[in-house]
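Trainee:
There are 2 protein chains.
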Amino acid sequence: MPATQSKTIAIVGATGVVGRTIETVLEERGFAVDNYVPVATGRRGQKETTAFGKTWTLTAPDDVDFSGIDVAFFSAGASVSEMLVPKAVDRGCRVVDNTTAFRMDRNVPLVVPEINATRVGGDAMLVACPNCTAIVLVMSLAPLLAAVPVERVVMTSFQSVSGAGREALCELDEQIEADAGDKAPQVEVLPRQIAFNCVPVIGDALESGYTKEEEKIVEESQKILDEPELKIVPTAVRVPTRVGHAIAVNVELKEPLAPGRAIELWKSAPGVTYSDEVPTPLDAAGSDMVIAGRVRRDPTRPNAITYWVVGDNLRKGAATNSVQIAELFL
Amino acid sequence: MPATQSKTIAIVGATGVVGRTIETVLEERGFAVDNYVPVATGRRGQKETTAFGKTWTLTAPDDVDFSGIDVAFFSAGASVSEMLVPKAVDRGCRVVDNTTAFRMDRNVPLVVPEINATRVGGDAMLVACPNCTAIVLVMSLAPLLAAVPVERVVMTSFQSVSGAGREALCELDEQIEADAGDKAPQVEVLPRQIAFNCVPVIGDALESGYTKEEEKIVEESQKILDEPELKIVPTAVRVPTRVGHAIAVNVELKEPLAPGRAIELWKSAPGVTYSDEVPTPLDAAGSDMVIAGRVRRDPTRPNAITYWVVGDNLRKGAATNSVQIAELFL
Chain L
185 MPATQSKTIA IVGATGVVGR TIETVLEERG FAVDNYVPVA TGRRGQKETT
235 AFGKTWTLTA PDDVDFSGID VAFFSAGASV SEMLVPKAVD RGCRVVDNTT
285 AFRMDRNVPL VVPEINATRV GGDAMLVACP NCTAIVLVMS LAPLLAAVPV
335 ERVVMTSFQS VSGAGREALC ELDEQIEADA GDKAPQVEVL PRQIAFNCVP
385 VIGDALESGY TKEEEKIVEE SQKILDEPEL KIVPTAVRVP TRVGHAIAVN
435 VELKEPLAPG RAIELWKSAP GVTYSDEVPT PLDAAGSDMV IAGRVRRDPT
485 RPNAITYWVV GDNLRKGAAT NSVQIAELFL
Chain G
185 MPATQSKTIA IVGATGVVGR TIETVLEERG FAVDNYVPVA TGRRGQKETT
235 AFGKTWTLTA PDDVDFSGID VAFFSAGASV SEMLVPKAVD RGCRVVDNTT
285 AFRMDRNVPL VVPEINATRV GGDAMLVACP NCTAIVLVMS LAPLLAAVPV
335 ERVVMTSFQS VSGAGREALC ELDEQIEADA GDKAPQVEVL PRQIAFNCVP
385 VIGDALESGY TKEEEKIVEE SQKILDEPEL KIVPTAVRVP TRVGHAIAVN
435 VELKEPLAPG RAIELWKSAP GVTYSDEVPT PLDAAGSDMV IAGRVRRDPT
485 RPNAITYWVV GDNLRKGAAT NSVQIAELFL
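Heads up: the protein sequence lines correspond to chains L and G, in order. The opening position of the first sequence corresponds to residue 185 in the working numbering, with each subsequent residue numbered one higher. The opening position of the second sequence corresponds to residue 185 in the working numbering, with each subsequent residue numbered one higher.
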């Protein structure tokens, strides 16, 4: 990756799992961070953080002066973004927002650089980074769609607990510990016990019966792929994994596509690959690649295939994708 | 449940997770066990077992005399069943076989009593109990099918580790313990690490790309439902839960079926129900009910619905279904 000119960057939500991963990815990709403004509520009593070889004092969200900041990454929830992103943009700070606040705003590009980097125009000040599951899904669908139109997608996700943040990860560990000690696991962060369980509820339930997470997966995928009519039926499920989302995908195409051809398409597309060894969430964790596997003909429909795909929800699903967007800015 | 006349029963695989659950279910259902022959290889040095209020000596598979046994439950793998079931039947012992050995044999009924109890004729000596995931699936599909013909099913399972037996359960616990102690988890029983992971490989891979487990789910469901042409596209995934299988099901029907009508059908069918609280594997564990939830319209296809269903793989998925078959025998 090319080193960029030295910059001042901010991460709003610097102490969260995604914020910390953005720091790591910036370092890995040789992003020249001259000055760093880590922004966090500091509610765990934390006052400073170490990154880019130095220790930096945390700034409270209300105290940030965005005027000297080149790029700010937002990953502290939609309400924080709704409040601060307009202020940041007003001050000339470019923003990569990794919350739901602006993703479906028709004036804001929703970008997965391998798919729609061209949406980031030279004067773009605000770009949204999509939902982690939507990113894994579209990274696997885009190479197929480039070759053959898609009729319909039925997908079921296996979403790791880190997608719900640091406190959810602690809750998983505490529930496992309680279980080992024959104590009743406490349920506070996630809606149901997640240790030794699978919970098909992510986000609020909508009147349609789908959840907010499922709606995001559908609408964001349609926007990223620029296929507003693409038919997607989602079931989003939280599972007791820590990092790495997996999706079981059934795709009905409008023309034939042999599994072997799908493999070629994945292997030749950037950011995605195919593994003959069945890829699992643990294989995805720590990698920037989205990995498809187990592609097979679906004998029940002409032109349908079924496959499995995994990706690191913190990296390509959030931090890496956000940093790639920042690279497009600069 | 009616108490039956006192009987001599055998369980081949008595010390396994399903064998132990069969003992429990027999006790719960007031099955009058006069004499019990627990059959096990005793490879963990175990010589006796306690059940039905007494302690019984384990018999090795090769030493069983089936002539005095009224009903034998087999749950010790297909090769043991292939060897011993014919001998048992020859001696006039009725057999409930919970392995793959005879399930697809056209002369052997494959029975889920709520669906096809009539297949157990008065002179039936051998009845097969289906795969645990197939049972949960067909229990949820049968009430719908009775009302509206089904065009196609796309399903993704979340299968608990107990479905792979006691050693797999130990492996899950050991891997979690190793992880807590920052040691590398050992992988011996299951094909990949299961703690904090999801593994879409259950059983050998077939040339089609599907696994043996996926093939079982399709073929057994078709046989039980007496719908040999029913289209089912399966993905079977092992997840780090202990007990309770879940399935995300998308059903295309040949006529309209409102979600509310599906709920009525489930609530009025025996052995299955519907919960407005989202049912999870932990909710199913310990129950004999198969519980559907989250039914919703699928807007991408006329007459399609999507739902989630859970069942205890050891009970209704194996032991309870086996004992119900034995009750039909007697």
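Beta carbons: idealized from backbone N, C-alpha and C, even for Gly.
Which chain G residues are close to L/G393, counting only those with a beta carbon under 9 Å from its beta carbon?
Mentor: Per Cβ cutoff of 9 Å: P443, R478, V479, R480, R481, T490.
Trainee: List in chain order: all unbroken beta strand (DSSP E) runs of 3+ residues lying wholly within the segment 240-300 of chain G.
Mentor: Counting whole runs of 3 or more residues, the segment 240-300 of chain G contains the beta strand (DSSP E) stretches 255-258, 278-281.
Trainee: With 9 Å set as the bound, which would you pick, yes or no: does the beta-carbon of L/A318 sit closer than that to a beta-carbon of chain G?
Mentor: It does not: the Cβ of L/A318 has no partner Cβ on chain G nearer than 9 Å.
Trainee: So, helix, strand or coil for L/S392, using DSSP?
Mentor: Residue state, collapsed to three classes: coil.
Trainee: What are the uninterrupted segments assigned as alpha helix (DSSP H) that are 4 or more residues long and contained completely in the segment 343-427 of chain L, given in chain order?
Mentor: Listed in chain order, the complete alpha helix (DSSP H) runs (minimum 4 residues) inside the segment 343-427 of chain L are 350-364, 396-409.
Trainee: Check whether the Cβ of L/T283 lies closer than 9 Å to any Cβ atom in chain G.
Mentor: No, its Cβ sits nowhere closer than 9 Å to a Cβ of chain G.
Trainee: Compare the C-alpha of G/V217 against each of G/R204, G/P486, G/G229, G/T192 and name the closest.
Mentor: Among G/R204, G/P486, G/G229, G/T192, the Cα nearest to that of G/V217 is on G/T192.
Trainee: Assign L/A187 to buried or exposed, taking buried as 16 or more other Cβ atoms, counted over all protein chains shown, within 10 Å of its Cβ.
Mentor: At L/A187 the pLDDT is 45, less than 50, meaning the model places this residue with poor confidence and gives no usable figure here.
Trainee: L/L449 versus chain G: which residues are under 7 Å apart at the beta carbon?
Mentor: Going along chain G, no residue has its Cβ under 7 Å from L/L449, so there is no contact; the nearest lies around 17 Å.
Trainee: Taking Cβ to Cβ, would you say L/A420 is nearer than 9 Å to L/I447?
Mentor: It is not a contact, given that the beta carbons lie outside the stated cut-off.
Trainee: Sort out for me which residues DSSP pairs G/K238 with in a bridge.
Mentor: Looking at the DSSP assignment, G/K238 forms a beta bridge with G/A235.
Trainee: Under 7 Å between beta-carbons, which chain B residues line up against G/A430? List them in chain order, please.
Mentor: Any reference to chain B falls outside this structure, whose protein chains are L and G.
Trainee: Given L/S452, which residues of its chain have a CB within under 8 Å of its CB, disregarding the five upstream and five downstream residues?
Mentor: Result list for L/S452: P327, in chain order.
Trainee: Taking only beta-carbon atoms, is L/A446 less than 9 Å away from chain G?
Mentor: Answer no: the Cβ-Cβ gap between L/A446 and chain G never drops below 9 Å.
Trainee: Taking L/T317 as part of the alpha helix (DSSP H), name the residues at either end of that continuous run.
Mentor: Its alpha helix (DSSP H) spans residues 316-331.
Trainee: For G/E207, which of helix, strand or coil comes out of DSSP?
Mentor: Three-state DSSP puts G/E207 in a helix.
Trainee: Are there three or more Cβ pairs, one per stretch, closer than 8 Å when the segment 316-327 of chain G is compared with the segment 453-471 of chain G?
Mentor: Contact between the segment 316-327 of chain G and the segment 453-471 of chain G is present, because at least three Cβ pairs lie under 8 Å.
Trainee: Mind reading off the beta-carbon distance from L/V209 to L/R426? Whole number of angstroms is fine, and I expect it under 8 Å.
Mentor: Rounded, the Cβ-Cβ distance is 18 Å, inconsistent with contact.
Trainee: Any Cβ of chain G within less than 9 Å of the Cβ of L/F258?
Mentor: Not an interface residue.
Trainee: Would you check if the distance between the CB atom of G/L242 and the CB atom of G/T199 is smaller than 9 Å?
Mentor: A contact, by the Cβ cut-off of 9 Å.
Trainee: Go ahead and pull the three-state DSSP assignment for L/G305.
Mentor: In the structure shown, L/G305 sits in coil (DSSP, three-state: anything other than H, G, I, E or B).
Trainee: Residues in its own chain within less than 8 Å of L/R376 by CB, not counting five upstream and five downstream?
Mentor: Taken in chain order, the residues that qualify are V383, V385.
Trainee: When the Cα atoms are used, what is the spatial distance from G/G501 to G/V345?
Mentor: About 13 Å.
Trainee: Measuring CB to CB, does L/V435 end up less than 9 Å from L/V334?
Mentor: A contact, by the Cβ cut-off of 9 Å.
Trainee: Taking the DSSP output, what are the residues bridged to G/K521?
Mentor: Since the first residue of chain G shown is 185 and the last is 514, residue 521 of chain G is not available in this structure.
Trainee: L/A352 to L/D274, Cα distance in whole Å?
Mentor: About 34 Å.
Trainee: Measuring alpha carbon to alpha carbon, tell me which of L/I195, L/T490, L/W450 ends up nearest L/R278.
Mentor: When only C-alpha atoms are compared, the closest one is L/I195.
Trainee: For G/Q377, which residues in chain L fall below 7 Å Cβ to Cβ?
Mentor: Correct list: L466.
Trainee: Cutting at 6 Å between CB atoms, please list the residues of its own chain near G/D388, excluding the five before and the five after it.
Mentor: So the list reads K396, once near-sequence residues are dropped.
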